[in-house]
Amino acid sequence: MTTNLQGRGHLLTEQVNPDSLDLDQLSSLELVELFNREDAKAVAAVAAAKLQLAEAIERTAECLRHGGRLFYIGAGTSGRLGVLDAAECPPTFCTPPEMVQGIIAGGAGALVRSSEDLEDSAEDGEAAIAQRQITQLDVVVGITAGGTTPFVHGAMSAARQRGATTIFIACVPVEQVECEADIDIRLLTGPEILAGSTRLKAGTVTKLALNILSTGVMVKLGKVYGNRMVDVAVTNQKLRDRAMRILQDLTGLSREAAGFLLERSGKWVKLALLMHWTGLEKEEGLQLLSQYQGNLRAAVASYKNNEQA
Numbered sequence: 001m002t003t004n005l006q007g008r009g010h011l012l013t014e015q016v017n018p019d020s021l022d023l024d025q026l027s028s029l030e031l032v033e034l035f036n037r038e039d040a041k042a043v044a045a046v047a048a049a050k051l052q053l054a055e056a057i058e059r060t061a062e063c064l065r066h067g068g069r070l071f072y073i074g075a076g077t078s079g080r081l082g083v084l085d086a087a088e089c090p091p092t093f094c095t096p097p098e099m100v101q102g103i104i105a106g107g108a109g110a111l112v113r114s115s116e117d118l119e120d121s122a123e124d125g126e127a128a129i130a131q132r133q134i135t136q137l138d139v140v141v142g143i144t145a146g147g148t149t150p151f152v153h154g155a156m157s158a159a160r161q162r163g164a165t166t167i168f169i170a171c172v173p174v175e176q177v178e179c180e181a182d183i184d185i186r187l188l189t190g191p192e193i194l195a196g197s198t199r200l201k202a203g204t205v206t207k208l209a210l211n212i213l214s215t216g217v218m219v220k221l222g223k224v225y226g227n228r229m230v231d232v233a234v235t236n237q238k239l240r241d242r243a244m245r246i247l248q249d250l251t252g253l254s255r256e257a258a259g260f261l262l263e264r265s266g267k268w269v270k271l272a273l274l275m276h277w278t279g280l281e282k283e284e285g286l287q288l289l290s291q292y293q294g295n296l297r298a299a300v301a302s303y304k305n306n307e308q309a
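Quick note: the sequence shown uses full-length UniProt numbering, first residue 1, plus one each step.
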């Protein structure tokens, strides 16, 4: 990292936005309209980084396919967004909690109480990597809007030394802050409406990028059929209803029949669909899915091909 932490005013995320100089004089409607115009830049920034994001999806999926884990690491808003994305993977895709993890400077307490002073320790970032025994099978995504966070850079350096795949996400151009990483993703949304407040556009664009990364990886891992979350965890009434609707939509079964099928499968939508489409019982279906690493489409195609042979 080459940036001088004593002088950060040149960073894109710290600059003054010329379009919001009269921010404190705007009406509420004008405020909303200004935010709406500026937030559109987040979508454009993701589009500009599409090749790097696609590569991140491919490499991360490959690592997870072979037993690796995905770690997000950051401080402040960046760290909270990583923890949020990680926390949403188990209910959405029924992943084990250890598969996708968020690491934030200051630990769990920093999620609800400002601990931004803790981001200045590169040693703490290195220790976080060592504590989780990260290996060459794992992927570490360092998130820092301004690109300079020592906690993140320490973690990235330690992860590289351990052979992990490293991905760097920042909202400043490479010429302002460098970072040695396998994939370097720059999401350039420009100066914030409120100068330096990177919870705004920088936070929005980071959330967009993490949505794409984690969902794309889960698609590649076979946790989606069409655009349905067939690995949804059926843990409450809302998710049970979603599971039932997926089964009804894809099989044409009545709600009662779909409920019976869901119970027979052990409340696993993917297995229920396989059982319905192949006529296999639960244990046979589990074995077939295992052969195809949980990919429902591949498992069903294989069964039908064997039936026709």
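Using N, Cα and C, we set each Cβ at its ideal position, and we do this for glycine too.
For A145, the closest C-alpha among the options M244, S290, A164 and A75 is that of A75. Taking all protein chains in view, the Cβ of K304 is surrounded by fewer than 16 other Cβ atoms within 10 Å, so the residue is classified as exposed. Between the C-alpha atoms of M229 and T92 there is a straight-line separation of about 7 Å. In the DSSP assignment, D85 falls within the unbroken alpha helix (DSSP H) covering G76 to F93. Taking the CA atoms as reference points, M244 sits about 37 Å from I167.
Below 8 Å, enough C-beta pairs join the segment 147–160 and the segment 67–81 to call them touching: three or more.
The shortest C-alpha to C-alpha distance from A44 to any of D249, T206 and A127 is the one to T206. Within the model, the alpha-carbon separation for L137 versus Q25 is close to 53 Å. Per DSSP, reduced to three states, the secondary structure at Y72 is strand.
The beta-bridge partner set that DSSP reports for R228 consists of Y225. A105 and E38 have their C-alpha atoms some 29 Å from each other. V205: not part of any beta strand (DSSP E); member of the alpha helix (DSSP H) spanning K201 to K220, first to last residue.
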